[in-house]
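Enquirer: Numbering (the UniProt record's numbering), first residue to last: 1 to 118. The C-beta atom is built at its ideal place from N, Cα and C for all residues, glycine as well. Just so it is clear, the structure is predicted and the values come from calculations on it, not from any experiment.
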């Protein structure tokens, strides 16, 4: 499965984080932009919202998110919800993160060892 959210690790990280946030609480785009700050991802203003909406569209197109319109507010908002397929993909993300964590710990230990030899 290709990395979602664009090219490379940053795109995968953004898509993974958005998917998690929607799994925690169905949300609209601007709310997600605010909540991304919890992970150190800052969206500096409205002009940069395009990145989030591209990721959301990709996740929806891939069947990981579904949408519905909240017409109780003006203007209406598109609310994103995780699908069962999206939850399965979260499990894949978790396995990838666990593997990445092991690799980072190995790298960290070896760096420390080299630095102690100096």
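(1) Rounded to a whole number of angstroms, what is the C-alpha to C-alpha distance between residue 51 and residue 80?
(2) Can you give me the C-alpha to C-alpha distance between residue 53 and residue 105, rounded to a whole angstrom?
(3) Over the uninterrupted alpha helix (DSSP H) stretch that includes residue 67, give me the two end residues.
(4) Specify the secondary structure class of residue 79 as computed by DSSP and reduced to three states.
(5) Find the nearest neighbour of residue 14 within the set 55, 93, 111, 22, judged by alpha-carbon distance.
(6) Can you tell me whether residue 17 is buried or exposed? The criterion is at least 16 other CB atoms within 10 Å of its CB, across all chains shown.
(7) Exposed or buried, what is residue 63 when buried is set at 16 or more other beta-carbons lying within 10 Å of its beta-carbon?
(8) Looking at the secondary structure, which residues open and close the alpha helix (DSSP H) in which residue 73 lies?
(9) The alpha helix (DSSP H) spanning residue 37 covers which residue range?
(10) Does residue 16 come out as helix, strand or coil in the three-state DSSP assignment?
Expert: Put simply:
(1) As a working note, residue 51 is residue 51 in the chain shown. As a working note, residue 80 is residue 80 in the chain shown. Rounded to whole angstroms, residue 51 to residue 80 spans 16 Å at the Cα level.
(2) Your numbering for residue 53 matches position 53 in the chain shown. Your numbering for residue 105 matches position 105 in the chain shown. Their backbone Cα atoms lie some 34 Å apart in a straight line.
(3) Position 67 of the chain shown, counting from 1, holds the residue named residue 67. Where residue 67 is concerned, there is no enclosing alpha helix (DSSP H), although the beta strand (DSSP E) it sits in stretches over 65-70.
(4) As a first step, residue 79 must be located in the chain shown, where it is residue number 79. If DSSP states are grouped into helix, strand and coil, residue 79 belongs with the strands.
(5) For the purposes of this step, residue 14 is taken as the residue at position 14 of the chain shown. Of the listed residues, the one whose Cα sits closest to residue 14 is 55.
(6) The residue given as residue 17 occupies position 17 in the chain shown. Buried, because 16 or more other Cβ atoms sit within 10 Å of the Cβ of residue 17.
(7) Taking the chain shown and counting its residues from 1, one reaches residue 63 at position 63. So residue 63 ends up on the exposed side.
(8) What you label residue 73 is simply residue 73 of the chain shown in a count that begins at 1. Unbroken run through residue 73: none, as it is neither H nor E.
(9) By one-based count along the chain shown, residue 37 stands at place 37. Here residue 37 belongs to no alpha helix (DSSP H), and DSSP marks it neither H nor E.
(10) On the chain shown, position 16 is the one that residue 16 refers to. DSSP places residue 16 in helix when its eight states are reduced to three.
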